[in-house]
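Novice:
There are 2 protein chains.
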Amino acid sequence: MATPIDPASAAFLLAESRQQPMHVGGLQLFERPEGAGPGYVREVFEQMRRDDQVAPLFLKHPERRLKAAGQLVWKRDDLFDIEHHVRHSALPEPGRVRELLELCSRLHSQRLAWERPLWEAHVIEGLADGRLAMYTKIHHALVDGVSAMRLMQSMLSTDPDRRDLPAPWAARPPTKAVQTRADAERSLAQLPAQVVRSALGITAEAAGMPGALVRTLTRGVKGETSALSLRAPRTLFNQTITGSRRFAAQDWPVDRMRAIGQATGTTINDVVLAMCSGAVRSYLAELDALPDTSVVAMVPVGLNAKQSQVASTDGGNAVGCVMVQLGTHLADPADRLRSVHDSMRSGKEALSTMTPAQIIAMSAIGMAPSVITPLLRLNGVVRPPFNLIISNVPGPRSTQYWNGMKLVGTYPLSIPINGMALNITCASYDGTMGFGLTGCRRTVPHLQRLLTHLDDELAALEKAAGL
Amino acid sequence: MATPIDPASAAFLLAESRQQPMHVGGLQLFERPEGAGPGYVREVFEQMRRDDQVAPLFLKHPERRLKAAGQLVWKRDDLFDIEHHVRHSALPEPGRVRELLELCSRLHSQRLAWERPLWEAHVIEGLADGRLAMYTKIHHALVDGVSAMRLMQSMLSTDPDRRDLPAPWAARPPTKAVQTRADAERSLAQLPAQVVRSALGITAEAAGMPGALVRTLTRGVKGETSALSLRAPRTLFNQTITGSRRFAAQDWPVDRMRAIGQATGTTINDVVLAMCSGAVRSYLAELDALPDTSVVAMVPVGLNAKQSQVASTDGGNAVGCVMVQLGTHLADPADRLRSVHDSMRSGKEALSTMTPAQIIAMSAIGMAPSVITPLLRLNGVVRPPFNLIISNVPGPRSTQYWNGMKLVGTYPLSIPINGMALNITCASYDGTMGFGLTGCRRTVPHLQRLLTHLDDELAALEKAAGL
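In the order they appear, the protein sequences are chains A and B. Take the first sequence: its position 115, counting from 1, is numbered 115 in the UniProt record's numbering, and each next residue is one higher. Take the second sequence: its position 269, counting from 1, is numbered 269 in the UniProt record's numbering, and each next residue is one higher.
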């Protein structure tokens, strides 16, 4: 049986190419439970693979119907082969985080085949410190990045003693009897991706998408709203990309960011953006490629509007996009933080005057950046209105476990696209902020240097804030 | 600078799709030298990656010229990134051959991106017995399977004490001063792939390819030559394939095959084919899918004709293809061996009466099986003339070393194509015959069972031969 694919999902499938795979990913780090034996990782792997009652989302694959003018439909994979999707991998010696990131870079470079359901999960052993890693990937046509992170978190519990938790792709829900209140809240928050998708699809169609999108963009061109920047400098990020990726990740305590925010009257999210600003500045300067004017980041933000069901940066549900002047041309970290803060505030204010249809259209930009460029070109805009995308996804605030394994880190892997070769996505978890940097391996050389620059910038911001 | 791609190479590039990647591979197993420390595999990896004087064959990538009607050209990769091509991988616990084959299956499923030179080499650690594995892949547009195996062997020496051997992709040749006679002989035999290619390309064009190919096929249709079987039964191997692969490999002593050959008046190659016959029979019978008539294998054979430079089964240089009736419908192993032997002999006799142009055309079939089907269809043949391809590639007869590591096994990975979901390629080395079975993961279920059946069949043939 085949069901039509909604327009938003279809857009992600059609935007995909060898150079531009459209899947998001997540890297999670776990500590073994006490008393775990040497075969523990294999046991976890086998346990995950045994969960063969798979939810419908993870059983369907796209197919192009030749009879119906190439219409895209979802079909159930009747020969579903869980061994293809759930895999066991290992790191070479010496098993540092470096080897882990290298493996994730490779795995994230590989496009998912349409002939099978569009996801993979890799249980990874071999970290020298004994931790277990899990890399999961899922096509953006199935879920957006936020939903994907939540889906991977949906298997977790705050109870270290629970041992009945299913795999994220399992059809069976966690047993109700022992579900904690935190669990219940989270499962409300993590709306099934289908619901998000179809809600967006329906609303977008009702609002006359892409008509609304074009109208919003046209307003932006005419300077009627400051939510859209249309004057981003050309940087090395804004080039054609190749199909291979480099992934870098690290986390820092949220408390350090909070302290800077309190001392300077800014938000944690402002500090995250200022860290990115300083890091991008140092990175580009090293390559002698720092533009004279500010690099512009597109940042999805929450608006607390009830009409949208898309999760966002601030934990609200409605999403708009603000074009943030990162202030990369400014030498002083404090000046950059101010630039970010001001740009963010005025952008949000502009967004709050927009109609719901316009906000939806903005959301569509955030969710399908690759559709923007042709639309902009229709409107006579040949240069990208922004240089990179920075998202910040709120995660669980308490320590989480999966069948006794303690989750100690979670990092998102996102989608570089043509003309937008670097993506920074942050995810908070249990007092830490995990940064996931995903770039085109060729277009963004020495991507991992950004981690050092992020670390330096956090220290510089603390100093600037008098901490 | 761009150079045009010759027609034979272009055919492999154009035949490629997500479902049908057109690269060949090799798996090699090495023993560490005595006194190798715990970081030995990393040292080997680093040493290989340091060899950045790369030969032109390994620096060029294909590009489609939009200005010149989509003509395919080779371009030098000016941003060549050896870290992308030479990789370090590891096996999860318990590090059996099973985990190694699983990793090779995954690696072989991944298509090479045209945006970079079409090869990869993976240094693999984590085998429980301490051996080091190396998986290499290279596009069929660069070399054929035989040349690929030889290329990988070209880095080897019979001298366990040599430490100056380059990586197979290195531009610098082995130092002449210490080159042994065996080395010299081998480097003559392993003609550079470019030479093979262009020789074939030139000859084929001179002979009016694809005219000659069509003529040969037409003769086959009219029953004028027994070199072409056109009555193969339909089997489960002859279906549309998916993009994922399963690889299985094992080796057996050549002496066991030689003894059977001597006792029955057949060749080692006949015994190899009879092993495949019995294994395919058992495999298909288990799946209740054994056809009533014999399964037909296409087998490339050598003819000692001086005009071709393509290596072959028997170590000769000219290659033709014989359609071998494997006798899978016969219950007795001795009958199957006789069927193979007779079919092979009459096929070779038929081939020897062919003109050089026809033999070249046959070679082209062997080298580009995916181009056959459309040509056959032009000739009114809708069913495949054979069910699977079985090749047997002669390798070095003496023990080989690479910078002190002893080569202890070598297994080829080949190309399943649409309608031909299983490929068996054998390679002899130092008294053993390595079988490499490459199949579509979905179309050929439980591929690894064929290994057990091969083992059983060898024993059955020994019994039938009175050994």
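Ideal placement from N, C-alpha and C gives every residue a C-beta, glycine not left out.
1) Can you tell me whether K137 of chain B is buried or exposed? The criterion is at least 16 other CB atoms within 10 Å of its CB, across all chains shown.
2) Taking DSSP as the reference, what is the three-state secondary structure of L100 of chain A?
3) Return the Cβ separation of L422 of chain B and V444 of chain B in integer angstroms, given the expectation that the two are a contact with Cβ distance under 8 Å.
4) Between A:T158, A:V340 and A:G261, which has its C-alpha nearest G466 of chain A's C-alpha?
5) So the beta strand (DSSP E) G409 of chain A belongs to, where does it begin and stop?
6) Tell me whether P38 of chain B is buried or exposed, calling it buried when 16 or more other Cβ atoms sit within 10 Å of its Cβ.
7) Here's a check: name, in chain order, each residue in its chain whose Cβ is nearer than 6 Å to the Cβ of G70 of chain B, leaving out the five neighbours to either side.
8) With a cut-off of 8 Å, do at least 3 Cβ pairs link the stretch 335 to 342 of chain A to the stretch 269 to 277 of chain A?
9) So which residues on chain B does R245 of chain A lean against when the C-beta distance must stay under 7 Å?
10) Just to confirm, is the Cβ distance from F45 of chain A to H88 of chain A under 8 Å?
11) Judging by CA-CA distance, which residue of B:V271, B:Q250, B:F247 and B:Q19 is the nearest neighbour of P258 of chain B?
12) Once you ignore the five residues that flank A263 of chain B on each side, which residues in its own chain have a CB closer than 8 Å to its CB?
13) In whole angstroms, what separates the C-alpha of Q20 of chain A from that of A232 of chain A?
14) Is T438 of chain A close to chain B, meaning its C-beta is less than 8 Å from at least one C-beta of that chain?
15) From which residue to which residue does the alpha helix (DSSP H) around K463 of chain A run?
16) Locate the alpha helix (DSSP H) running through L273 of chain B, then write down its first and last residues.
17) Give the residues of chain A in contact with S89 of chain B, contact being defined as C-beta atoms less than 7 Å apart.
18) How close, in whole Å, do the beta carbons of Y283 of chain B and R449 of chain B come, if the pair is a contact with beta carbons under 8 Å?
19) Based on DSSP bridge pairs, tell me the residues matched to S157 of chain A.
20) Would you please state the rounded distance, in angstroms, between the beta carbons of G431 of chain A and D255 of chain A? I believe it to be under 8 Å.
21) Note the first and the last residue of the continuous alpha helix (DSSP H) segment covering H85 of chain B.
22) So, at 7 Å on beta carbons, what are the nonlocal neighbours of R18 of chain B in its own chain, with the 5 sequence-adjacent residues on each side left out?
23) Taking Cβ-Cβ distances shorter than 7 Å, what residues in chain A pair up with G126 of chain B?
24) For the stretch 291 to 300 of chain B against the stretch 324 to 338 of chain B, do three or more pairs of beta-carbon atoms, one drawn from each stretch, fall closer than 8 Å, so that the two count as touching?
25) What does A242 of chain B touch in chain A if you count any residue whose Cβ is under 8 Å from its own?
26) Starting from Q110 of chain A, find everything on chain B with Cβ-Cβ shorter than 7 Å and list it in chain order.
27) Given T266 of chain B, which residues of its chain have a CB within under 7 Å of its CB, disregarding the five upstream and five downstream residues?
28) So that I know if they touch, is there some Cβ in chain B lying closer than 8 Å to that of V44 of chain A?
29) Do we get a CB-CB distance below 8 Å when we pair R441 of chain B with the residues of chain A?
30) Can you tell which of A:E16, A:L236 and A:L156 has the C-alpha that lies nearest to the C-alpha of R281 of chain A?
31) In the DSSP assignment, find the unbroken alpha helix (DSSP H) run with D251 of chain A in it and report its ends.
32) What is the DSSP secondary structure of G315 of chain A, reduced to helix, strand or coil?
33) On the three-state DSSP scale, how would you describe G380 of chain B?
34) Which same chain residues, not among the five before or five after P192 of chain A, have their C-beta less than 7 Å away from its C-beta?
35) Alpha carbon to alpha carbon, how far is D81 of chain A from L127 of chain B?
Specialist: Concretely, from the data shown:
1) Indexing the second sequence from 1 puts residue 137 of chain B at position 137. Under a 10 Å Cβ-count criterion, K137 of chain B is classified as buried, with 16 or more other Cβ atoms of the shown protein chains found around its own Cβ.
2) The count along the first sequence starts at 1 and reaches residue 100 of chain A at position 100. Correct three-state label for L100 of chain A: helix.
3) For the purposes of this step, residue 422 of chain B is taken as the residue at position 422 of the second sequence. For the purposes of this step, residue 444 of chain B is taken as the residue at position 444 of the second sequence. Indeed, because the Cβ distance is near 5 Å, the residues count as touching under 8 Å.
4) On the first sequence, position 466 is the one that residue 466 of chain A refers to. The shortest C-alpha separation from G466 of chain A is found at A:G261.
5) Here residue 409 of chain A refers to the residue found at position 409 when the first sequence is read from its first residue. M405 to L413 is the extent of the beta strand (DSSP E) around G409 of chain A.
6) Translated into positions along the second sequence, residue 38 of chain B becomes position 38. When all chains shown are included, P38 of chain B counts as exposed.
7) Numbered from 1 along the second sequence, position 70 holds the residue referred to as residue 70 of chain B. Closer than 6 Å at the Cβ level, and outside the excluded window around G70 of chain B, lie R64.
8) yes
9) Taking the first residue of the first sequence as position 1, residue 245 of chain A is located at position 245. Within 7 Å Cβ-Cβ: nothing; R245 of chain A doesn't reach chain B, min ~11 Å.
10) Working through the first sequence from its first residue, we reach residue 45 of chain A at position 45. Working through the first sequence from its first residue, we reach residue 88 of chain A at position 88. Yes; because the gap between Cβ atoms is below 8 Å, this pair is in contact.
11) Here the question's residue 258 of chain B lines up with position 258 in the second sequence. The displayed chain sequence assigns Arg, not Pro, to residue 258 of chain B. It is B:V271.
12) As a working note, residue 263 of chain B is residue 263 in the second sequence. Only A465, G466 and L467 meet the Cβ criterion.
13) The count along the first sequence starts at 1 and reaches residue 20 of chain A at position 20. The count along the first sequence starts at 1 and reaches residue 232 of chain A at position 232. Roughly 22 Å between the two C-alpha positions.
14) Here residue 438 of chain A refers to the residue found at position 438 when the first sequence is read from its first residue. No, no contact with chain B.
15) Working through the first sequence from its first residue, we reach residue 463 of chain A at position 463. For K463 of chain A, the enclosing alpha helix (DSSP H) stretches over residues R449 to A464.
16) Here residue 273 of chain B corresponds to residue number 273 of the second sequence, with the count starting at 1. I268 to E286 is the span of the alpha helix (DSSP H), which, as asked, contains L273 of chain B.
17) Numbered from its first residue, the second sequence carries residue 89 of chain B at position 89. Residues of chain A passing the Cβ test: P92.
18) Position 283 of the second sequence holds residue 283 of chain B. Position 449 of the second sequence holds residue 449 of chain B. Confirmed, about 6 Å.
19) For this step, residue 157 of chain A is matched to residue 157 along the first sequence. Paired residues: A:Y401.
20) Locating residue 431 of chain A in the first sequence gives position 431, where the first residue counts as 1. Locating residue 255 of chain A in the first sequence gives position 255, where the first residue counts as 1. Contact between G431 of chain A and D255 of chain A is confirmed by a C-beta separation of about 7 Å, below the 8 Å threshold.
21) Within the second sequence, residue 85 of chain B is the residue found at index 85, counting from 1. Per DSSP, H85 of chain B belongs to the alpha helix (DSSP H) from I82 to H85.
22) Start at 1 with the first residue of the second sequence, and residue 18 of chain B comes out as number 18. Within the same chain, R18 of chain B has close Cβ partners R111 and G243.
23) Taking the first residue of the second sequence as position 1, residue 126 of chain B is located at position 126. Correct list: A90.
24) yes
25) Numbered from 1 along the second sequence, position 242 holds the residue referred to as residue 242 of chain B. Note that residue 242 of chain B is Thr in the sequence shown here, rather than Ala. Ordered by position in chain A, the residues that pass the 8 Å Cβ test against T242 of chain B are A113, E115 and R116.
26) The residue labelled residue 110 of chain A in the question sits at position 110 within the first sequence. What Q110 of chain A touches in chain B: Q110.
27) For the purposes of this step, residue 266 of chain B is taken as the residue at position 266 of the second sequence. Within the same chain, T266 of chain B has close Cβ partners L337 and H341.
28) Here residue 44 of chain A is taken as the residue at index 44 of the first sequence, counted from 1. So no, V44 of chain A is outside the interface.
29) On the second sequence, residue 441 of chain B is found 441 positions in, with the first residue counted as 1. True, the Cβ-Cβ gap to chain A drops below 8 Å.
30) Stepping through the first sequence from its first residue, residue 281 of chain A is reached at position 281. The residue with the shortest Cα to Cα distance from R281 of chain A is A:L236.
31) Your numbering for residue 251 of chain A matches position 251 in the first sequence. Run containing D251 of chain A: none in the alpha helix (DSSP H); it sits in the beta strand (DSSP E), R245 to P253.
32) Along the first sequence, one-based indexing puts residue 315 of chain A at 315. Because the pLDDT at G315 of chain A is just 37, under 50, the model does not fix this residue reliably, and the value given afterwards should be weighed accordingly. Three-state DSSP puts G315 of chain A in coil, outside helix and strand.
33) Along the second sequence, one-based indexing puts residue 380 of chain B at 380. Bear in mind that the predicted position of G380 of chain B carries a pLDDT of just 49, short of 50, making it too unreliable to give a figure here.
34) Translated into positions along the first sequence, residue 192 of chain A becomes position 192. Low confidence applies here, because P192 of chain A scores a pLDDT of 37, under 50, leaving its location unreliable; read the following figure in that light. Nothing meets the Cβ criterion.
35) Working through the first sequence from its first residue, we reach residue 81 of chain A at position 81. Working through the second sequence from its first residue, we reach residue 127 of chain B at position 127. Rounded to the nearest angstrom, the two C-alpha atoms are 26 Å apart.
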